[in-house]
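S.K.:
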Amino acid sequence: MIRGAFLASACAFACLLAPANAHAADMAPAAPPPTAPGSWTGFYLGAYAGSAVVDTWWGKGDGVLTPRSDQILPVLGSATAAVVGGQIGYNQQVGQMVLGIEADLGTGSLHGTARCGFDWTSACTSDTDLIGTLAARAGIAFGSVLLYGKAGLALAHTAFSASGKSYQGEISASQTATGWTAGGGVELALTPSVSVKAEYAFLDFGSTTPTLADATGRSNLDITQSAQLVKLGVNVRPGGAPLPGTRAQPGGAGQGATHDWSGLYVGAHAGGAWGRDEWTDATGFLAATVKTGTIPGGGDSMGMFGGVQGGFNLQAGAWVAGIDASASAATIGAYAKCLSDNVTFASFACRTTAKSLGTVAGRLGYGFGDALVYGKAGAAWVSGTVDLHNAYKGPLYATDATRWGWLLGAGVEYALTDRVSAFVEYDHMDFGTSDIAITDGRRSATVSLDQSLDLVRMGVNYRFGPASPTAGPAAPAAPAGWSLEAGARYFLSTGHGSLDLFSPMDRNQLNSRLSYGDTTGQAPETFFRLDHESGVFLKGYGGIGTLSGGKFIDEDFPPGEIPYSSTRSLLKAGSLAYGGIDLGYDFIRGPSGTLGAYVGYRGSYDKVLAYGCWQVAGNPDVCADTKSGKRPVQLVLGETGSWQALALGLNGRLALAPRIALELDAAYLPYALRAGYDNHWWRGDINPQPETGSGWGTMAQAVLTYAVSDRFDLGIGARYEFLATTTASTQFPADVPRSPETVYSERYGAFVQASYRFGDIAPESAPQAAAPVKAATAPAADWTGLYAGAALGAGKGHTTYASPFATPVNGDAVDLGGALIGGQIGADAQIGALVVGAELSGAWTRMVGTNTCFASAPAPAGFNCGTGVEALSALTARLGYAFGRSLIYARGGAAWARQNDAFNTHPPHPQRLSAVGTNTGWTAGAGIEYALLPDLSVGLEYRHYAFGASDAVEAPATPTLAGVSVAPDTLRLDTVALTLNYRFGTGGGR
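Heads up: take any position in the sequence shown, counting from 1, add 1, and you land on the numbering used here.
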């Protein structure tokens, strides 16, 4: 899952700091030592963090899992999670060819669910906790860069289980499956003994037939499994020749004095956490509630924490041993369905809420100059509330509990001054299985909980005691030939999502829609960027946080629900995680900036929880009872979704002024996988309801930074992300085909950040490429002349409908989101600092959205409306002001949109009516353009588009809509794009 990207991002720069020594920032850099001839030959070992997707296809079974003869099998259950692991291998280099063998083993909590068995009334779950490979590697070395492919054997350990309507309890089995793997990646040599790699691997475990059993029966079930892994790792070679293209640090890494870590220290930290709760058993009155059902249930936890720590170190040479204790306030929680009755479908909602946690651990580390790499082990505790209640009617049983367990972790600490240091750390906590006492005042019971947590924390320490005998930390250095920027962000965002569910018998008939909006997301985030003097770069980011506020809307449409129903619920206690890893190359490196392209991975995860239920459309049968005081605080609905996507993008870094830099990033996500599940807590027969699908997306980001010093930057930025499915479905427990779905997810917001730069790259061909903030003063740009270029970006929009009926409880407007890829041609004339020009632009766009319209029409009301913007073009004039190599400008003019509007009617003749036409309107916007080279500029541009009514959609054969236009009467769009322009006949600076 995306938590893997967060973990990889946090750990990546930590691993890279360890081998680096220091040199003075204010001294003129000495001539670099000669590059070692080097070789990739030798043994190596290392570690990795990343994200995994495991697909389990459930086929035919026997016994209680015997399907009907007409059920379409197999069915897919997908699992995504973070993975961590290690590898060991050997390479042999002959010329440019590198051959080798590598073994790796990783672990994660990969839980997937699908419907199976007779009439799809069973829930089949998979839990993969170990994944490994033994593979041959073959690659081509280009100096310090190794491109390789790999193929070999694969294995995975998975536990399977099933529970369902026709039988009591849970049947289960576990197995270690073997298969094959193929993949590839890139490995970058950082120092003579350390390299970092980014890798993708596909694993196929073939088909097996495990026997799922309990004390009362057994069933054989055909299962096919495969997996995909994206990994970011670091390798260390303990001996042999230095890696090619590397050179020792000035003075030799590790040869300078090691920082003095001895003494007492205190500090503070913050971070994100995720984990897994497994409810495994129950006694007393709780066990009695599920005599015809099953007890086990599990849920994923997520949240944030922050607190203080203190400890004491003893140092002998470069070795550092100590003890460390921490205490944190936390908001980490998870819901799980448990104690389910397989006849009545009644179930309990079991929840943990961690309010505080802490550790007491021993540490052992090794110092490299001003960096300390350490491992830790010891005890951990978590304190909070454990509660459970009948999912439909209560009552709530709650108790406070403090649980103890064990801890394993590792991290890197770096001395910023003689007494102040910063660190990043990963910890795994396991609290085992324990029985928790529950009482309702009259009866007693216990429930068994198995709980684990994974944490990534960042913090600072202050060391007491005498001053260090060394000269104190100098400016940090990255490995020779590399530059590293690493930092932290706080991301404040909002967003919305929707899931449209269509009839399995007729794709034109919308049965229901779940949607949520106005959610506030808060997340701490880590990020890094590693640049090589050749132009190769590796960057990543990741965050974990919370979602709160907003509203959840559940709509049901005729004929499945008559009359139309719309309910409202309150959102709270949700969670989100996200991240990405990119490998790219700066193909342009000018005196004051860079422009590059990359291929990468993007992922996002969100879980929203809805409390209370209020009918707002007048349906007397759905949430119409307002007497219950418990409903406003009772969990009713939930929607969880995760996306894994391929990213193709552009990245530009521009030095606008001596201390001000602008970084632009835009990516199109041509292929994305989605896995999710819906929780209807009042309906145990469809809780959870697994969902699978695939689609596409887009992402855009801009960051403006200010260099407080040569090393330390502060910045503000904004980010937009949109994802949509092209094919998705879910299987309900009945003898029907899968129900088609359409899913949209949008999130956007702003962040503040702080970062620190390690090392400087100054290759002779592009002396300022990797540190554009330090760019020397360049001649002013001349903007006069013809230009042609391209644009890559994203947009969001809004349509409205002219309804003659009363103001609806929901809808009559559609929110759109999506991507744009386009081009432009134009001409400018510069008069002093003023620039005037004209431009013709056009773009392929993929902006889509759906919502309810005419919900207040006479019954049957509540229709499905949607819009897709397929292309945009504009003819605009612009007026700008030039200074240095920058041009800020405003523009406006005429615009055209290729618009596809659709409308779904109700039975008895459901149909999708649509119209495609060109809409005319206007556009206005503003931007900044920067002359990266004399004839090449990079820019950031915002545009607002406004259009009137679109072409009429065919009138539906619905009496209640006679004479009503069902096409949008307005369309508004807001776009942002990274632009790239080439200027013809320019002579360079003025």
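The beta carbon of each residue, even a glycine, is placed where N, CA and C say it ideally should be.
#1: Mapping the DSSP letters down to three states, classify Phe203 as helix, strand or coil.
#2: If you compare alpha carbons, which of Ser484, Leu373 and Ala875 is closest to Thr919?
#3: Would you tell me roughly how many angstroms separate the C-alpha atoms of Glu582 and Trp845, rounded to the nearest one?
#4: Okay, do the stretch 232-250 and the stretch 481-492 touch, 3+ Cβ pairs below 8 Å being the bar?
#5: If I measure Cβ to Cβ from Asp686 and keep anything under 7 Å in the same chain, skipping five residues before and after, which residues do I get?
#6: Tell me whether Thr568 is buried or exposed, calling it buried when 16 or more other Cβ atoms sit within 10 Å of its Cβ.
#7: Can the beta-carbon of Ile554 be found less than 8 Å from the beta-carbon of Asn811?
#8: Mark Trp405 as exposed unless 16 or more other C-beta atoms lie within 10 angstroms of its C-beta, in which case mark it buried.
#9: Looking at C-alpha atoms only, which residue of Ala898, Thr868, Ser167 and Leu657 is the closest neighbour of Ser938?
#10: Rounding to the nearest angstrom, what Cα-Cα distance links Leu715 and Val461 in this structure?
#11: Work out the CA separation of Leu638 and Gln690 for me, nearest whole Å.
#12: Would you call the stretch 60-73 in contact with the stretch 96-114, where contact means no fewer than 3 C-beta pairs closer than 8 Å?
#13: Quick one: any contact between the stretch 128-147 and the stretch 180-198, if contact means 3 or more CB pairs under 8 Å?
#14: Threshold first: 3 residues or longer. Then list the beta strand (DSSP E) segments lying entirely within the stretch 399-467, N to C.
#15: Helix or strand or just coil, what does DSSP make of Asp342?
#16: Go through its chain and collect everything with a Cβ distance to Gly630's Cβ below 8 Å, but skip five positions before and after it.
#17: Using only CA atoms, which one of Phe884, Gly696 and Tyr707 lies nearest to Ala781?
#18: Nearest-angstrom Cα distance between Leu972 and Gly798?
#19: From Asp431 to Trp382, what does the alpha carbon distance come to, in whole angstroms?
#20: If the criterion is Cβ atoms closer than 8 Å, does the pair Gly698 and Ala725 meet it?
#21: Taking Leu584 as the reference, give the member of Phe529, Val617 and Val609 with the closest Cα.
#22: Provide the residue(s) that pair with Arg847 in DSSP beta bridges, ordered along the chain.
#23: In the DSSP assignment, find the beta strand (DSSP E) that holds Ala163 and state where it starts and stops.
#24: At 3 residues or longer, and completely inside the stretch 657-744: list those beta strand (DSSP E) runs for me, N to C.
#25: From Arg458 to Val267, what distance separates their C-alpha atoms?
#26: Closest by CA to Gly786, which one among Gly272, Tyr983, Thr906 and Ala392?
#27: Do the stretch 485-495 and the stretch 666-675 make contact, defined as three or more Cβ pairs closer than 8 Å?
#28: Under DSSP, the alpha helix (DSSP H) around Phe286 begins and ends at which residues?
#29: Can you grab the Cα-Cα spacing for the pair Thr545 / Ala820, in whole Å?
#30: Output the boundary residues of the beta strand (DSSP E) element that contains Lys797.
#31: Is the Cβ-Cβ distance between Ser164 and Asp56 less than 8 Å?
#32: Going straight from the alpha carbon of Tyr721 to that of Ala350, what length do you get?
#33: Could you name the residues that DSSP lists as bridge partners for Glu188?
#34: Among the candidates Ala927, Met98, Thr868 and Thr906, whose CA atom is the shortest distance from the CA of Gly894?
#35: Following the continuous beta strand (DSSP E) through Asp501, name the residue where it begins and the one where it ends.
#36: Compute the Euclidean distance between the alpha carbons of Ser605 and Ala83, then round it to the nearest angstrom.
M.R.: Taking the geometry as given:
#1: strand
#2: Checking every option, the nearest Cα to that of Thr919 belongs to Ala875.
#3: Note on identity: in this sequence residue 582 is Ile, with Glu being the wrong assignment. In a straight line, the C-alpha of Ile582 is about 26 Å away from that of Trp845.
#4: yes
#5: Phe346 and Pro734
#6: Within a 10 Å sphere around the beta-carbon of Thr568 sit 16 or more other beta-carbons, which makes this residue buried.
#7: Their beta carbons are under 8 Å apart, which means Ile554 touches Asn811 by this criterion.
#8: exposed
#9: Leu657
#10: 17 Å
#11: Taking the straight line joining both Cα atoms gives about 11 Å.
#12: no
#13: Taking 8 Å as the limit for Cβ pairs, the verdict is that the stretch 180-198 does touch the stretch 128-147.
#14: 421-440 and 445-464
#15: strand
#16: Any reading at Gly630 needs caution, since the residue's pLDDT is 39, under 50, leaving its predicted position unreliable; the model's value is listed next. So no residue of the chain qualifies.
#17: Phe884
#18: 7 Å
#19: When rounded, the distance between both Cα atoms is 9 Å.
#20: yes
#21: Phe529
#22: Ala820
#23: Val146 to Gly165
#24: Look at the stretch 657-744 and you find these whole runs of beta strand (DSSP E), each 3 residues long or longer: 661-681, 690-708 and 713-731.
#25: When the Cα atoms are used, Arg458 and Val267 turn out to be separated by approximately 15 Å.
#26: Tyr983
#27: no
#28: It spans Gly285 to Ala289 - the alpha helix (DSSP H) in which Phe286 sits, taken as one unbroken run.
#29: Note that residue 545 is Ile in the sequence shown here, rather than Thr. Rounded to the nearest angstrom, the two C-alpha atoms are 25 Å apart.
#30: Gly786 to Thr801
#31: Result no, Cβ atoms of Ser164 and Asp56 do not sit closer than 8 Å.
#32: 34 Å
#33: Leu147 and Lys198
#34: Ala927
#35: Trp483 to Phe503 is the span of the beta strand (DSSP E), which, as asked, contains Asp501.
#36: About 12 Å.
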